[in-house]
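Undergrad:
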Amino acid sequence: MFITSFHYFRGFAILIIIAGHVHVGNSEVDFPTFTNLVSGSTALFVFISGYLFQHLQKGVFNYPLYLNKKFKYVILPYLICSTPAIINIAMTGDFHPLLGNVTTIEGSVINLLTGRHVTAYWYVPFAALLFMSAPIIVKFSLLKHSIQLSILFIFSIIAIYAHRPIGGLNPFHSFLYYIPFYLFGIYAVVNRDLIEKIKKYNVIFLITTVLLAYFQVSFMGVIGSSHKDLFTFSGIDIMYLQKVSLLLFVMTSLNSLENKNVKPLSFFANISFSLYFIHGYVLILLARLSINDILLNYGFNEASAMIIKFSLVVVISSLLSISIIKILGKRSRYFIGS
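Numbering (our numbering), first residue to last: 22 to 359.
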């Protein structure tokens, strides 16, 4: 069954993800609470993936068919979209410093296996681990409610202390951090009645989200997502708790949009995956055009410049997505995921 409000959520999620990647000057420092609210929003995509995994599940889980679809619509677009960046970095030798002293082949392989080559591409190597774990994950929905909660709690504790990997270079570390968001998506489908019972607290969830974003910078001095080595201690990750609170707010508020016609969100939802693949390249293009300097030198303050840059990224990425879809038709899913 198609859930209109959840479809809108996909549109909202991709926009907030892109917003988290748009920076101008010292905008992160000047607007730290906002930065914390939009940073780490790929957690929303992970939750959506888990939700749809369970919602679309019918009958006996067909693992080979599932892997085939994921390869065609996620892995293959990733490989195709990665090719220009992989080739360019290999030719220029401009590998990320975190990769260390690597040969061209070593650096290219590491980039492909980690997604380090383009903004946000780390998601696909991590998602591949989710795909491979599907036969185990599918059993989560069959467990007793108390066991589901226990598993969510245990994985959440691990995530809170694990934080995210440095530079997104470790898909297994990302898996540890994001698997509870994926399981929470499954949990939200299986326990719809419970979500209904707590929707009266949606405003509290929203306030909590904002307060946690503020607390993270004001009391912990952390702006944006927290990254560290897996086995080093660096306190708890407030960002994780904030995104859980945000998801609770969204899930307890979605029903209000179920019978609404919100065309912009529907539009972005339809091309959400292609936007995810393309917007990193648009950011690279704008950086080479020195868009930050142009906007600031033209007299815009950082807030206005951020809004303009965000709009440019969304518009250009959308136009490219629509153009490719028009040219390739249904085959576009193999190239850009939409």
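Just so it is clear, CB atoms sit at the ideal spot from N, CA and C, and this is done for glycine as well.
Just to confirm, are residue 359 and residue 346 a CB contact at a threshold of 8 Å?
TA: Against a cut-off of 8 Å, the Cβ pair of residue 346 and residue 359 comes out as a contact.
Undergrad: Just to confirm the assignment: which complete alpha helix (DSSP H) runs, minimum length 4, are found wholly within the region 171-238?
TA: DSSP runs (the alpha helix (DSSP H)) wholly in the region 171-238: 192-211 and 213-218.
Undergrad: Grab me the residues of residue 343's own chain with a C-beta within less than 8 Å of its C-beta, minus the 5 sequence neighbours each way, in chain order.
TA: Excluding positions up to five away in sequence, the list reads 292.
Undergrad: Considering only residues of the same chain and omitting the five flanking positions on each side of residue 49, which have a CB-CB separation below 7 Å?
TA: Excluding residues within five positions, the ones whose Cβ falls inside 7 Å are 56, 244 and 245.
Undergrad: With 16 as the cutoff for other CB atoms within 10 Å, does residue 184 come out buried or exposed?
TA: Looking at its Cβ environment, which holds 16 or more other Cβ atoms inside 10 Å, residue 184 is buried.
Undergrad: For a test of the three-state rule: what should DSSP assign to residue 138, helix, strand or coil?
TA: Residue 138: coil per DSSP, three-state reduction.
Undergrad: Under 8 Å Cβ to Cβ from residue 84, same chain only, skipping five residues before and after it: list those, please.
TA: Cβ within range, chain order: 155 and 156.
Undergrad: So the candidates are 335, 355 and 325; which of them puts its Cα closest to the Cα of residue 47?
TA: That would be 325, whose Cα lies nearest to the Cα of residue 47.
Undergrad: Between residue 313 and residue 207, what straight-line distance do the alpha-carbon atoms span, to the nearest angstrom?
TA: Near 40 Å, if we compare the C-alpha coordinates of residue 207 and residue 313.
Undergrad: Determine the burial state of residue 250: buried for a count of at least 16 other Cβ atoms within 10 Å of its Cβ, exposed for fewer.
TA: Exposed, since its Cβ has fewer than 16 Cβ neighbours within 10 Å.
Undergrad: Cβ of residue 338 within 8 Å of Cβ of residue 299?
TA: The answer is yes: Cβ separation under 8 Å.
Undergrad: Once the 5 residues before and after residue 188 are set aside, which same chain residues still bring their CB inside 6 Å of it?
TA: Within the same chain, residue 188 has close Cβ partners 119.
Undergrad: Specify whether the region 25-35 and the region 162-179 touch according to this definition: at least 3 beta carbon pairs, one from each stretch, less than 8 Å apart.
TA: Counting Cβ pairs under 8 Å, fewer than three are found: no touch.
Undergrad: DSSP state of residue 300, grouped into three classes?
TA: Here residue 300 sits in helix by DSSP.
Undergrad: According to DSSP, which residues form a beta bridge with residue 248?
TA: For residue 248, which the question treats as bridged, DSSP gives the partners 185.
Undergrad: Please classify residue 108 as buried or exposed, where buried requires at least 16 other C-beta atoms within 10 Å of its C-beta.
TA: Burial call: exposed.
Undergrad: With a 10 Å radius around its C-beta and 16 neighbouring C-beta atoms as the bar for buried, classify residue 279 as buried or exposed.
TA: Counting Cβ neighbours within 10 Å, residue 279 comes out exposed, since fewer than 16 surround it.
Undergrad: Would you kindly report the start and end of the unbroken alpha helix (DSSP H) that includes residue 161?
TA: Here residue 161 belongs to no alpha helix (DSSP H), and DSSP marks it neither H nor E.
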